[in-house]
Structures are given as C-alpha cells and as structure tokens.
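Take a look at the structure set out below.
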Amino acid sequence: MKEQLIIFNMAKNVELPTSQRPKVIPWEPAEFGAFLDRIGTHRLGALFEVIAGTGLRRGEAWGLRWDDVDFARRVIVVRQQIVQVSGLKKRDMAPVAGP
Numbered sequence: 001m002k003e004q005l006i007i008f009n010m011a012k013n014v015e016l017p018t019s020q021r022p023k024v025i026p027w028e029p030a031e032f033g034a035f036l037d038r039i040g041t042h043r044l045g046a047l048f049e050v051i052a053g054t055g056l057r058r059g060e061a062w063g064l065r066w067d068d069v070d071f072a073r074r075v076i077v078v079r080q081q082i083v084q085v086s087g088l089k090k091r092d093m094a095p096v097a098g099p
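Residue numbering for the sequence shown follows UniProt numbering, beginning at 1 and increasing consecutively.
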C-alpha cells in the first residue's frame with residue numbers, strides 16, 4: 001500500500017460465514033432440583049451441587065483443590081481452572097477475575 005501497488009482492499013468484499021450459537025434454555029428450579037436428586041449418589045453429584053450453588057464455571061470447578069475450600073468460613077477461592085485445548089487438558093494457573 002505504501003508504494004501504491006495495491007489500490008484497493010481485496011478483502012473488503014469477503015463474506016465471512018456466520019456462526020449460530022445454540023439457544024440456551026435454562027432449567028426451571030424444579031427441573032434442576034430433580035436433576036440433583038437423580039445424580040445425588042453419582043460420584044460427581046457433589047460437584048454439580050457446588051456448580052449449582054456457586055455459579056462456578058465447569059473449568060473452575062474441575063480446578064478446585066481441597067485447599068481452595070474454607071468450610072468454616074463457607075468460602076471457595078478459585079486459584080486455577082482446567083481447560084481443554086486441542087483435545088488436551090491443561091491446568092491454567094491464572095485466575096479469570098480477581099478482587
């Protein structure tokens with residue numbers, strides 16, 4: 001462009017494909033309660049209850065360690081998350097947001 005060899009932007013008329021995200025339909029409280037009742041004895045049942053009660057993202061919940069939970073103060077600190085990149089699981093130590 002500096003030497004005026006290209007006089008127009010060839011990418012200007014490129015049409016990018018549109019992506020549509022699936023519509024999220026949240027469960028009603030009764031539906032979610034029934035789900036928690038059903039999976040209560042499953043090995044991951046407690047994890048789903050933590051996610052439901054705290055609003056943690058899936059990767060944040062998977063990254064929790066016992067040291068991150070203060071039962072006396074009823075506080076959970078997110079120090080890391082588990083993310084999947086190109087099919088490989090990776091531990092991300094950087095917090096997503098902080099105080």
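Here a beta-carbon is modelled for each residue, glycine too, at the ideal position from N, C-alpha and C.
These numbers were taken from a predicted model, which means no experiment stands behind them.
With contacts defined by Cβ atoms closer than 8 Å, VAL78 and GLU60 form a contacting pair. Contact annotation: GLY45 and ILE39 have beta-carbon atoms nearer than 8 Å. Scanning its chain for C-beta atoms nearer than 7 Å, with the 5 sequence neighbours on each side dropped, one finds around LEU47 the residues ALA61, in chain order.
Around the beta carbon of LEU64, a 10 Å sphere encloses 16 or more other beta carbons of the protein chains shown; the residue is thus reported as buried.
The DSSP-derived three-state label of VAL50 is helix.
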